[in-house]
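Residue numbers (our numbering): 1094 to 1254.
Cβ coordinates follow ideal geometry from the N, Cα and C atoms, glycine included.
Fair warning: this is a prediction, and the values are worked out from it, not measured in the lab.
Take a look at the structure below.
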Amino acid sequence: MYANPAQTESAIAWWLTSFSPHPAVAHEAWQDGRPAMLRTGGPYDAVRMPLALVRAAAESSAPDVVAGVLAEVLDGPVVCHPGAWYYALVPAGTCETWRAAEAVVRGRGGWLGIPRPDRTEPTPVTPYWAVPVVRVGQLCAPDAVAELLRVGRARLEGAAR
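Structure, rendered in structure tokens:
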């Protein structure tokens, strides 16, 4: 698609910030090592998935194991906000049809801390890509996200018995 990794990363950064009224502010945050606060509801919505459900679905709390399961099951980008949430990027408009009680969707009018496209190493505090964006426009399927959360809920409930 693109001639080299730098062009791919540049295209991904442009896509992630394409709904922002001030994309330069996002790029400045990334240059300073901070996540950019970006609006959802443009090229993507974001499903806020509880850490406990995602770990239960993956049957692990190890970041690399969880990331591997997310990559295989969701086949799209996922941001980790350590200690709290995972966010699966899904098609815009998902918030209007989402029916899974295990999570909420941030759509138009929402905001999300998005790490720099190359921030893929797990950290204890700073958001990172558990599953990075590898192609402009590639998103998680909402049904796959809902199923992952359903599996996590069932495993948590089974463990509580």
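Residue range of the unbroken beta strand (DSSP E) whose run includes residue 1188: Note, residue 1188: premise wrong, no beta strand (DSSP E); alpha helix (DSSP H) at 1187-1190.
Beta-carbon contacts of residue 1145 that lie in its chain and below 7 Å, excluding the five residues immediately before and after: In its chain, beyond the 5 residues on either side, 1249 have a beta carbon closer than 7 Å to the beta carbon of residue 1145.
Residues of its chain near residue 1119, where Cβ-Cβ distance is below 7 Å and the 5 sequence neighbours each way are ignored: The residues are 1110, 1113, 1129 and 1131.
Applying the criterion that 16 or more other CB atoms from any shown protein chain within 10 Å of the CB defines a buried residue, is residue 1209 buried or exposed? For residue 1209, the number of other beta carbons within 10 angstroms of its own is at least 16, and it is reported as buried.
Using three-state DSSP, classify residue 1143 as helix, strand or coil. Look at residue 1143 here: in three-state DSSP terms it is strand.
On a CA-only basis, which of 1174, 1148 and 1226 is nearest residue 1244? Give me that one, please. Per the Cα distances, 1148.
Name the two residues that bound the continuous beta strand (DSSP E) containing residue 1206. Unbroken beta strand (DSSP E) run through residue 1206: 1204-1207.
Return helix, strand or coil for residue 1120, following the three-state DSSP convention. Helix, per DSSP.
Name the DSSP bridge partner or partners of residue 1180? Partner(s): 1141 and 1172.
Backbone CA spacing between residue 1174 and residue 1098 [nearest angstrom]: Rounded to whole angstroms, residue 1174 to residue 1098 spans 25 Å at the Cα level.
Could you tell me which residues DSSP puts in a beta bridge with residue 1224? Note: residue 1224 sits in a beta bridge opposite 1171.
From which residue to which residue does the alpha helix (DSSP H) around residue 1129 run? Run containing residue 1129: none in the alpha helix (DSSP H); it sits in the beta strand (DSSP E), 1129-1132.
DSSP-derived helix/strand/coil call for residue 1199: Strand.
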